[in-house]
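Colleague: In our numbering, the protein residues as written are 6 to 158.
A virtual CB, placed ideally from N, CA and C, is assigned to each residue, including glycine.
Computed from a predicted structure; not experimentally measured.
Take a look at the following structure, please.
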């Protein structure tokens, strides 16, 4: 069980977490750039009974674009929340709007993400340890590559 959990966490951090956080850090550090908004869709709903350990990548797509007619009241509320955030962001460059839980812009000194689920709220970056491990790994890889490059000259 621990191996499976660790493998899932590593996969999440390598494929999704680290790239998203790294992009948000870079985007938010630019003086005249648009805000970055980071989210985690963590709604473990009956819509995905074959995924007992939570939402998978892309699980939010069916909520945004629809296609299902048999949603529960809770699922419909999540769908409406996602759709409203998306429309606001597309229209205004900011997902926030009247009646929605506040979604703060990602800030390097306050790395909060929006947890998208029935109790949507901003929260600290949940997988910080994995992200920091990836930061260290890629810093080491860049240093190794720079060292090889300077030796080749």
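Could you check what DSSP says for residue 52 in three-state terms: helix, strand or coil?
Modeller: Walking along the chain shown from the start, residue 52 turns up at place 47. Confidence at residue 52 is low in this model, with a pLDDT of 48, below 50, so the placement of that residue should be treated as unreliable; the coordinate-derived value is given next. The answer is coil: DSSP assigns residue 52 none of H, G, I, E or B.
Colleague: Based on DSSP bridge pairs, tell me the residues matched to residue 44.
Modeller: For the purposes of this step, residue 44 is identified with residue 39 of the chain shown, where counting begins at 1. Partner(s): 119.
Colleague: With residue 125 as the anchor, note down where its alpha helix (DSSP H) starts and where it stops.
Modeller: Taking the first residue of the chain shown as 1, we reach residue 125 at position 120. Premise fails: residue 125 is in no alpha helix (DSSP H) and is neither H nor E.
Colleague: To the nearest angstrom, how far is it from the Cα of residue 39 to the Cα of residue 110?
Modeller: Walking along the chain shown from the start, residue 39 turns up at place 34. Walking along the chain shown from the start, residue 110 turns up at place 105. Rounded to whole angstroms, residue 39 to residue 110 spans 10 Å at the Cα level.
Colleague: Taking all protein chains shown into account, do 16 or more other C-beta atoms lie within 10 angstroms of the C-beta of residue 107, making it buried, or fewer, making it exposed?
Modeller: As a working mapping, residue 107 is identified with position 102 in the chain shown. By the neighbour-count rule (16 or more Cβ atoms within 10 Å), residue 107 is not buried but exposed.
Colleague: How should residue 139 be labelled, buried or exposed, when 16 other C-beta atoms within 10 angstroms of its C-beta is the threshold for buried?
Modeller: What you label residue 139 is simply residue 134 of the chain shown in a count that begins at 1. Burial call: buried.
Colleague: Which same chain residues end up closer than 8 Å to residue 153 when comparing Cβ atoms and leaving out the 5 residues on each side of it in sequence?
Modeller: Your numbering for residue 153 matches position 148 in the chain shown. There are no such residues.
Colleague: Helix, strand or coil: which one does DSSP assign to residue 112?
Modeller: On the chain shown, residue 112 is found 107 positions in, with the first residue counted as 1. Correct three-state label for residue 112: strand.
Colleague: For residue 75, count neighbouring Cβ atoms within 10 angstroms of its own Cβ and tell me buried if that reaches 16, exposed if not.
Modeller: Taking the first residue of the chain shown as 1, we reach residue 75 at position 70. It counts as exposed.
Colleague: Do residue 33 and residue 113 have their C-beta atoms closer together than 8 Å?
Modeller: The count along the chain shown starts at 1 and reaches residue 33 at position 28. The count along the chain shown starts at 1 and reaches residue 113 at position 108. Yes, they are a contact pair.
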